[in-house]
Amino acid sequence: MMNWLPFRPKGPVVSVIRLQGAIGAGGRGLDDAGTAAMIERAFKRGKPAAVAIEINSPGGSPVQSALIAARIRRLSEEKSVPVIAFVEDVAASGGYWLASAADEIFVDRGSIMGSIGVISAGFGAHEFLERHGVERRVHTAGKSKSFLDPFRPQNPEDVARLERWLGEMHDYFIDHVKSRRGAKLTDDPDLFTGEIWIGTRAVEKGLADGIGHLVPVLEARFGDKMRLRRYAKRRPLLSRIGAALAGETMGAIEERASFARFGL
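Residue numbers for the sequence shown follow the numbering used here, beginning at 375 and rising by one.
Below you can see the structure in the form of structure tokens.
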């Protein structure tokens, strides 16, 4: 009968959002447009005691990572709601960018953390074309429009320009991590080299605050009367009714490859 009493005190509510998958624009995996409504509801519905983020992401687009993280920080500060991240298999590269948006980060002993670096990968096929008598024809207005064309020999000037861009993006990533983790980080020279750490080692490096799982940590923090209110990313109608598009299939393959980099 106690459950039906209208004025019975209830335990604090913790909003839970899940950030699962590779990060990239276009609706596949995680992007700011696709997660915005979920994140906004988690902070704005009622007055949650905290927002917990379940993270399982191998990374992806640095800009989409930054946009999602910035939205989380803005809402946290506007609503005065703390954010606690719980890492599952992996929070690497852009996945760690998301995790570091939280005020605290908890990991499993087997969680993969870090990979604070920037990568650009491609291929070169000009020798293959030459062997098969195929002539590549490209016409541009603007000398940089055929930048790093994979069907032409690599241009040293293009490579130097790409390396400069990657360095600038890497600096952006490092600045974000330092601004969020501050004095918690150790002075390990490998911290920002793209190296990864597992569980306890990530805690020792200051990349995470402790070993812990969502329910036990939140119950210890807010009491056993604490209630979880979960918010999910809304899937497109075609996806909900089971229609598979070629783009979604390719996205799934790309995401699988991203996780495979970490043996997952």
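For glycine and all other residues, C-beta sits at the position ideal for the given N, C-alpha and C.
If I measure Cβ to Cβ from residue i and keep anything under 7 angstroms in the same chain, skipping five residues before and after, which residues do I get?
| i | result |
| --- | --- |
| G534 | For the record, residue 534 in the displayed sequence is Ala; it is not Gly. Excluding positions up to five away in sequence, the list is empty. |
| H544 | G491 and V492 |
| S435 | I397, G398, A399 and G468 |
| F547 | P436, W471, I490 and V492 |
| D562 | K579 |
| S439 | I397, G468, W471 and L472 |
| G420 | V387 |
| K558 | G580 |
| V455 | F417, P422, A424 and V425 |
| L540 | V492 and S494 |
Which residues in the same chain as residue i place their Cβ atom closer than 6 angstroms to its Cβ, once the five residues preceding and following it in sequence are excluded?
| i | result |
| --- | --- |
| R554 | S474 |
| F596 | P386 and A423 |
| F566 | I490 and I548 |
| D406 | Q438, L441 and I442 |
| F480 | F460, G584, G586 and V591 |
How far does the alpha helix (DSSP H) with residue i in it extend, from its first residue to its last?
| i | result |
| --- | --- |
| E542 | P530 to R555 |
| G469 | G468 to A473 |
| T574 | T574 to E578 |
Check for me: the beta strand (DSSP E) holding residue i runs from which residue to which?
| i | result |
| --- | --- |
| M487 | I486 to G488 |
Helix, strand or coil for residue i? Go by DSSP, reduced to three states.
| i | result |
| --- | --- |
| F566 | coil |
| F502 | helix |
| I446 | helix |
| R511 | coil |
| G434 | strand |
| L441 | helix |
| L592 | helix |
| I413 | helix |
| R614 | Residue placement at R614 is poorly supported in this model, since its pLDDT is 48, which falls under 50; the coordinates still yield a value, given next. In this structure, R614 counts as helix in the three-state DSSP scheme. |
| K384 | coil |
Going by DSSP, name the residue or residues bridged to residue i.
| i | result |
| --- | --- |
| G420 | Beta-bridge pairing links G420 to no other residue. |
| E428 | R392 and F460 |
| V481 | V461 and I585 |
| R603 | S389 |
| I397 | L404 and G434 |
Buried or exposed for residue i, going by 16 or more other Cβ atoms inside 10 Å?
| i | result |
| --- | --- |
| A476 | buried |
| A618 | Low per-residue confidence applies at A618: pLDDT is 47, beneath 50, and the placement is therefore not dependable enough to give any value. |
| H587 | exposed |
| H550 | buried |
| E462 | buried |
| E451 | exposed |
| A444 | exposed |
| G664 | One cannot answer for residue 664 here, as it falls past the ends of the chain, which runs 375 to 638. |
| L592 | buried |
| R643 | Residue 643 falls outside the range modelled here, since the chain spans only 375 to 638, and no answer is possible. |
| G488 | buried |
| A465 | buried |
| F460 | buried |
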